[in-house]
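**Q** With this note's numbering, letter number 291 in the sequence shown gets 295, and the count goes up by one each step, no holes.
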Amino acid sequence: MASLAPVGALLLSVALLLAGNGLQGTLLPVRASMESFSPLSIGVLGAAYYVGFAFGVLVTPRLIERVGHIRLFTAMVAIASAVPLVHALLVVPGFWWLLRGVTGICLASLYLIIESWLNERATSENRGLVFTTYTTVNFSVITLGQLLILADDPAHFPLYAIASILVSVAAVPVALSRSPQPPQISSVRLSFARLFRLSPVGVAGCVVVGVANGAFWALGPAFVLQSGLGVSDVALFMSATVIGGAVSQWPFGRLSDRIDRRLMIAISSAAAAASGIAVVLAGLFMPDMVIVAGFLFGMFSFPIYALSVAHANDVARDADFVAVAGGLLMTNGIASVIGPLLAAVAMEAGGAAGLFAFTALTHVIMTLFTLYRMRQRAAPPAEDKTDFVPMPALAPRWSDIDPRVEPVEAAGTGGGADDAGPPPERGTA
């Protein structure tokens, strides 16, 4: 525990932020369904968050340069804590879309600040422990936040107040921390075309995870309610899916360290497609099994993001690591905007079953593409593979953390595509 002492306040802030955001992520779609928002309106609500998040990623480095980490953190917490209260005052689709976009901007800034701080405080001795604890905190408190919806009726004010309080209190550990401020966050750029040439499977995996999981987060609660289940079932379904994703991260990742990582991606994608169909069938014929099917969906779909990033890192040079990580996260974020919109159209056409029929289709495409790429290129040599690092694909984040190098080295590799040099000579996959 002493190894975590330098980052304890930051991890506590992350926990409070994610609990508040996790509650909002479930509460708002449920309330929208209760207010008879159309599936497309609920899909836009989910997409608006990711639009705001992507914008926040782009502007945060400049804002930090102008006002500093602490001032920006305080301002974003103040705005993010006010937004849930405003949601409760006026339940109108267009207004909620705007508010959800504002939340995305705020959360992007807050995550960036906290993660850059974690990067600064972590050392080569405790980096693995920090990463593991950070991932565990992510999954645990997202689950807790979703379960908080059981505390009251989603149509009543207290749940919005709880979400606001959790986000507000997240400022306290950071404000009272004596840790020095981290260095300026680098704005990294990488051509998406070059990124795809470097790792087609890595890029495709991040796209599929953004499309499928973005759709899940935006419309999963609506799917449960339209399947004839209640609000308590929404909380259990969403939480079971997150838990499924949590328990499979390490075993899937460690297995991928020993075999062609693309094979593990193909297996996970195929199983995610099958479990998506299982969710559809459960919703239609066996509602009591929806939660079990959701657990399986999370188990197979959530690790694909970390596996895809790890595969891209296998073929990237150290000098390109930050640019590759940033490009993959932005790719995932853009796909997360598109996914809820496409899935909403599927639900408009096919009812509740359309959501997971859509995710199943995306995972089938990913499976076929990965198998095709395995026939085109050999797997990277074992000595070139990086160690798997678990990453929650719950809320795409931009991070300059490089688990392979010292913090100083990681901070120094933030060059853009123009100064990153030629692509690595080893075969792309």
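Yeah, the Cβ is synthetic: ideal placement off N, Cα and C, and Gly gets one too.
Measure the Cβ-Cβ separation of residue 87 and residue 110 and say whether it is below 9 Å.
**A** In this structure, residue 110 lies closer than 9 Å to residue 87 by Cβ.
**Q** What is the DSSP secondary structure of residue 49, counted as helix, strand or coil?
**A** Three-state DSSP puts residue 49 in a helix.
**Q** Am I right that residue 303 and residue 251 are in contact with their C-beta atoms under 8 Å? What's the rounded C-beta distance?
**A** Confirmed, Cβ separation roughly 7 Å.
**Q** Inspect the CB distances between the stretch 225–238 and the stretch 268–280 and report whether three or more fall short of 8 Å.
**A** Segments in contact, no.
**Q** Give the single residue among 148, 61, 119, 265 whose Cα lies nearest to the Cα of residue 378.
**A** Nearest C-alpha to residue 378: 265.
**Q** Just the Cα atoms here: how many angstroms apart are residue 272 and residue 180?
**A** Cα-Cα distance, rounded: 43 Å.
**Q** Can you look up residue 198 in the DSSP assignment and give me helix, strand or coil?
**A** Three-state result, residue 198: helix.
**Q** Which residues bound the alpha helix (DSSP H) around residue 369?
**A** Residues 357–380.
**Q** In this structure, how does DSSP classify residue 232 when only helix, strand and coil are distinguished?
**A** Here residue 232 sits in coil by DSSP.
**Q** Tell me whether residue 268 is buried or exposed, calling it buried when 16 or more other Cβ atoms sit within 10 Å of its Cβ.
**A** Buried.
**Q** Could you tell me how far apart the beta carbons of residue 167 and residue 373 are, in whole angstroms, since I believe they sit closer than 8 Å?
**A** Actually they do not touch by this definition, with Cβ atoms about 38 Å apart.
**Q** When DSSP labels each residue in this structure, what does residue 73 get in the three-state scheme?
**A** Residue 73: helix per DSSP, three-state reduction.
**Q** For residue 101, I'd like the list of residues in its chain whose CB is within less than 7 Å of its CB, leaving aside the five on either flank, ordered along the chain.
**A** Contacts found: 48, 49, 52.
**Q** Just to confirm, is the Cβ distance from residue 299 to residue 335 under 9 Å?
**A** No, the pair does not count as a contact, with Cβ atoms beyond the cut-off.
**Q** Would you mind working out which of 328, 165, 90, 311 sits nearest residue 257, comparing C-alpha positions?
**A** That would be 311, whose Cα lies nearest to the Cα of residue 257.
**Q** Decide if the stretch 140–160 is in contact with the stretch 230–241; the criterion is three or more beta carbon pairs, one per stretch, under 8 Å apart.
**A** Contact between the stretch 140–160 and the stretch 230–241 is present, because at least three Cβ pairs lie under 8 Å.
**Q** For residue 18, report the span of its alpha helix (DSSP H) as first-last.
**A** Its alpha helix (DSSP H) spans residues 12–38.
**Q** In three-state DSSP terms, what is residue 349?
**A** In the structure shown, residue 349 sits in a helix (DSSP, three-state: H, G or I).
**Q** Nearest by alpha-carbon distance to residue 42: which of 200, 352, 216 is it?
**A** Answer by Cα proximity: 352.
**Q** Please report the Cβ distance between residue 28 and residue 140, rounded to the nearest whole angstrom; I am assuming they are in contact, meaning their Cβ atoms lie under 8 Å.
**A** With 8 Å as the limit, residue 28 and residue 140 do not qualify as a contact, their Cβ atoms being about 21 Å apart.
**Q** Which word fits residue 162, buried or exposed, when buried means at least 16 other C-beta atoms lie within 10 angstroms of its C-beta?
**A** Answer is exposed; the Cβ neighbour count stays below 16.
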